[in-house]
Structure formats: structure tokens, C-alpha cells
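Residue numbers (our numbering), protein chains in the order written: chain Y, 69 to 286; chain G, 32 to 208.
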């Protein structure tokens with residue numbers, strides 16, 4: 069006996085071939101007078117609601133992006149153009165530029181924000197660049213006194229207006245003293261040590277690194 | 032009235048309700064005392080849980096629900112123990128008699144194998160539909176069906192070799208997943 073034969077025999081022995089139910093429509097009406105599955109009512113709203121949430125989110129993101137300075141106070145530590153400009157101006161009174169140099173105008177977008185102390189940091193970095201180039205000029209002209217003055221100014225800047233961020237610190241890490249003292253923040257990547265070595269080399273009569281830095285930053 | 036993409040609950044349920052006769056027939060074949068009541072209760076549950084009923088192929092879901100109701104019916108009747116002893120089983124009033132030889136061969140199967148076989152042979156489900164009705168994956172169902180068909184064949188072959196017993200009414204119970 070084959071398996072197919074046995075199965076056909078079973079299929080042919082189906083004890084109930086046709087069933088008829090009376091009053092099926094009455095049954096349908098009775099069943100559907102009860103409340104339907106409450107989950108069905110929510111189904112049509114899912115997609116529009118999700119879309120609405122997306123639209124609202126985009127609007128909020130756009131609004132926040134366009135008013136970044138306005139929300140900086142909510143977040144804390146962020147400052148807008150007026151604060152950055154104020155810091156920059158204040159730093160000019162605390163720092164000295166070499167003869168012949170002048171503080172440039174600071175361009176800072178009206179809808180931009182930065183970390184606290186950014187204005188002072190700009191001033192410090194400009195001063196470092198200016199003194200480095202002044203020193204390069206002094207060396208090339210053989211002006212030893214000017215060179216010593218530049219070296220002293222740079223040593224002061226590096227010692228008192230530059231800090232190295234802690235290893236692994238966030239990019240916008242702000243030193244505690246930034247609010248009062250113009251300070252530039254160097255990442256912990258050897259840049260600070262390079263500056264110290266650069267000035268030592270220049271003072272020893274090997275100004276190649278200093279010249280390179282002046283060309284790059286001055 | 033609504034568009035096709037967003038049918039009302041009644042429109043959606045109508046597509047489920049067309050299987051009322053099939054559910055009733057299933058209950059009869061499994062020996063229900065009141066197959067029409069089982070079918071009606073199955074549909075009422077489908078209405079209350081319409082979000083769970085697959086709109087494209089509701090039949091396996093309906094059979095699974097009907098089977099649970101059949102088992103509950105038998106528990107209520109206190110007949111579970113007797114149903115597991117075929118000689119003492121009492122046929123449902125509307126259940127037609129099977130060929131006794133075939134009936135014995137079916138009884139020789141485990142409830143799981145028997146249900147797998149009957150969902151295909153009597154309810155005319157595809158293997159994937161039957162797998163959904165039993166809540167198992169299609170591969171497991173195919174293995175179970177193959178085993179059931181082999182055992183049915185072996186049982187019928189043994190019946191052919193054995194002396195015939197007296198004809199008696201047959202009850203095909205529903206058990207197992």
C-alpha cells in the first residue's frame with residue numbers, strides 16, 4: 069500500500085463535506101453590534117502621527133539651529149558673538165603685541181556660538197603668531213634685543229596663557245580660568261611641547277621650526 | 032463605505048466571516064457537541080481580536096481558535112479522560128461514521144500526527160497554513176506530516192492483514208499542537 073493511496077482514502081472519508089448554517093447574516097449582525105477590536109481604531113492614525121512627529125522634529129531642529137545663540141544660555145558654557153567680541157577686546161588689554169602689529173578685526177557670525185573664552189583664545193593665538201614672526205624678522209635682521217624681547221613675550225604667553233587640555237577631554241573643554249585670563253587651549257597631542265622646543269631651538273640659533281610656524285600661522 | 036486601503040472593521044470582518052461554514056465543519060469533524068456554537072464563538076472572538084487575524088489568510092487563525100474552544104468544550108464536559116480511551120469515546124451527535132478500519136488507523140496515530148494529517152486531508156489546508164494553525168514552523172509541520180502519512184499507511188496495512196472487528200462509531204479528537 070502506498071502512502072498516497074492511504075492519504076487519498078483518508079481524504080475521501082471526510083465525514084463532513086458540506087455544512088450549511090442558517091441565519092448566518094443574523095449572526096454577523098449580532099457579532100458586529102459589539103464594539104470591534106479597539107486596536108483597529110488606532111491603526112489608521114499610526115502613519116500620519118509618525119509623520120507629524122517627524123515634521124515637528126524637523127521644525128524644532130530648524131528653529132534651534134537658526135537661534136543657536138539664543139539657546140546657548142540654556143545649555144551653558146556657550147556664548148554668542150557679543151560675548152566673544154567682548155572677550156577679545158578684554159584680552160587686547162591683557163596682552164601685548166610686537167611693534168608694528170595691530171589687533172585685527174574679529175569676524176564672528178551673528179548666528180554662531182562658541183565655548184566660553186573663545187575671544188581670549190583668538191587673541192592669544194594671534195599674539196603668538198605675531199611674536200613668532202617678529203622673532204623671525206629679528207633673527208633675519210640680526211636684532212638680538214628684539215629677538216630676546218620676542219622670546220620673553222612668547223615664553224610668557226606659553227606659560228601664562230596656554231593650557232593643555234586633559235587627555236581625552238572634549239573638544240570644547242574650557243579651562244577654569246578662561247573667564248578672567250585670555251587663554252588658548254592646546255590639545256594633549258604634543259603641540260605645547262613642540263612650541264617649547266621651537267623657542268629653545270630658535271634661541272640656540274636654529275630658527276627653522278620658528279620660520280616654518282611663522283609661515284603657517286603668522 | 033471606505034476605500035480599499037482603509038476598510039471599516041465590518042468590511043474587514045466580512046472577509047473573515049465567510050469562513051464560518053468551514054469552521055463549523057471543522058468542529059463537526061472533530062466531534063464537537065455543538066459545532067455551530069463553536070463556529071459562532073470563534074467568529075465572535077475574531078471580531079473582538081480582529082487586529083490579530085491575518086486579513087489575507089484568516090483560516091489557520093480561525094482553526095487554531097476553534098481547536099482551543101473544542102478542547103475547552105471537552106474539559107467543561109469532563110470527558111477528557113474518556114476521550115483518551117478510544118473504546119469509551121462517545122461520538123458527537125452529528126459526526127458521521129468513518130470506515131472502522133480507517134478509524135482505527137487514525138486512532139493509532141498520536142493526536143499531533145492525526146491533527147496534522149486531518150488539517151491537510153479534511154480541512155484542505157496547505158502545509159504552511161496548517162503549520163500556522165498549529166503554531167509551529169512549516170518545516171516542523173512537513174516532518175510531522177510525513178511521519179503521520181507513513182504511520183497511517185503502516186496502520187492501514189496492518190489492518191488489512193488483521194481480522195476485521197465489528198464496525199463502531201468513531202470520534203476523532205483534537206489534541207496537541
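Each residue gets a CB set at the ideal place from its N, CA and C atoms; glycine is no exception.
Residue closest to residue i, alpha-carbon to alpha-carbon, out of the options
i                     : options                    : result
residue 215 (chain Y) : Y:73, Y:105, Y:285, Y:278  : Y:278
residue 241 (chain Y) : Y:146, Y:95, Y:82, Y:126   : Y:146
residue 156 (chain G) : Y:252, Y:270, Y:79, Y:96   : Y:79
residue 285 (chain Y) : Y:248, Y:228, Y:196, Y:205 : Y:196
residue 39 (chain G)  : Y:76, Y:105, Y:77, Y:92    : Y:105
residue 192 (chain Y) : Y:225, Y:82, Y:166, Y:205  : Y:225
residue 220 (chain Y) : Y:164, Y:125, Y:73         : Y:164
residue 145 (chain G) : G:178, G:66, G:132, G:166  : G:178
residue 183 (chain G) : G:149, G:67, G:171         : G:149
residue 95 (chain Y)  : G:180, G:107, G:60, G:44   : G:44
residue 168 (chain Y) : Y:186, Y:199, Y:253        : Y:199
residue 72 (chain G)  : Y:263, Y:107, Y:100        : Y:100
residue 255 (chain Y) : Y:72, Y:264, Y:265, Y:236  : Y:236
residue 258 (chain Y) : Y:154, Y:234, Y:228        : Y:234
residue 157 (chain Y) : Y:207, Y:178, Y:186, Y:179 : Y:186
residue 152 (chain Y) : Y:181, Y:172, Y:265        : Y:181
residue 92 (chain Y)  : G:49, G:57, G:56           : G:49
Any chain G beta carbon closer than 8 angstroms to residue i
i                     : result
residue 256 (chain Y) : no
residue 108 (chain Y) : yes
residue 237 (chain Y) : no
residue 300 (chain Y) : An answer regarding residue 300 (chain Y) cannot be provided, because it is not within the stretch 69 to 286 covered by chain Y.
residue 146 (chain Y) : no
residue 190 (chain Y) : no
residue 114 (chain Y) : Residue placement at residue 114 (chain Y) is flagged as unreliable, the pLDDT there being 49, under the threshold of 50; a coordinate-derived value is accordingly withheld.
residue 153 (chain Y) : no
residue 242 (chain Y) : no
residue 95 (chain Y)  : yes
residue 186 (chain Y) : no
Start-to-end residues for the beta strand (DSSP E) that takes in residue i
i                     : result
residue 254 (chain Y) : 252 to 254
Check whether residue i and residue j have beta carbons under 8 angstroms apart
i                     : j                     : result
residue 190 (chain G) : residue 135 (chain G) : yes
residue 54 (chain G)  : residue 97 (chain G)  : yes
residue 223 (chain Y) : residue 267 (chain Y) : yes
residue 187 (chain G) : residue 83 (chain Y)  : no
residue 205 (chain Y) : residue 159 (chain Y) : no
residue 230 (chain Y) : residue 251 (chain Y) : yes
residue 202 (chain Y) : residue 213 (chain Y) : no
residue 77 (chain G)  : residue 47 (chain G)  : yes
residue 61 (chain G)  : residue 101 (chain G) : yes
residue 172 (chain G) : residue 152 (chain G) : no
residue 158 (chain G) : residue 133 (chain G) : no
residue 160 (chain G) : residue 89 (chain G)  : no
residue 51 (chain G)  : residue 68 (chain G)  : no
Closer than 8 angstroms to chain Y by CB, residue i
i                     : result
residue 148 (chain G) : yes
residue 47 (chain G)  : no
residue 92 (chain G)  : no
residue 40 (chain G)  : yes
residue 189 (chain G) : no
residue 60 (chain G)  : yes
residue 103 (chain G) : no
residue 75 (chain G)  : yes
residue 165 (chain G) : no
residue 79 (chain G)  : yes
residue 51 (chain G)  : yes
residue 82 (chain G)  : yes
residue 64 (chain G)  : no
residue 143 (chain G) : no
residue 183 (chain G) : yes
residue 95 (chain G)  : no
residue 44 (chain G)  : yes
residue 180 (chain G) : yes
Element boundaries [alpha helix (DSSP H), containing residue i]
i                     : result
residue 232 (chain Y) : First-last for residue 232 (chain Y): 230 to 232, but that is the beta strand (DSSP E), not the alpha helix (DSSP H).
residue 92 (chain Y)  : 92 to 100
residue 260 (chain Y) : 259 to 271
residue 151 (chain G) : 142 to 152
residue 73 (chain G)  : 66 to 79
residue 201 (chain Y) : 186 to 209
residue 178 (chain G) : 169 to 192
residue 157 (chain Y) : 149 to 162
residue 54 (chain G)  : 51 to 60
residue 281 (chain Y) : 276 to 285
residue 86 (chain G)  : Looking at the DSSP string, residue 86 (chain G) is not in any alpha helix (DSSP H), and its letter there is neither H nor E.
residue 96 (chain G)  : 90 to 108
residue 139 (chain G) : 131 to 139
residue 44 (chain G)  : 40 to 48
residue 165 (chain G) : 158 to 165
beta-carbon residue i near the ligand ATP non-hydrogen atom, thresh 7 angstroms
i                     : result
residue 280 (chain Y) : The ligand ATP is not among the ligands present in this structure, which contains no ligands whatsoever.
_Closer than 8 angstroms between beta carbons: that is the criterion. Which residues of the stretch 165 to 183 of chain Y meet it against chain G?_
none
*Mind listing which residues of the stretch 75 to 86 of chain Y have their C-beta closer than 7 angstroms to chain G's C-betas, in chain order?*
So the list reads 75, 77, 78, 79, 81, 82, 83, 84, given in the order they occur along the chain.
*With 7 angstroms as the C-beta to C-beta threshold (strictly closer), list the residues of the stretch 130 to 141 of chain G near chain Y in chain order.*
130, 133
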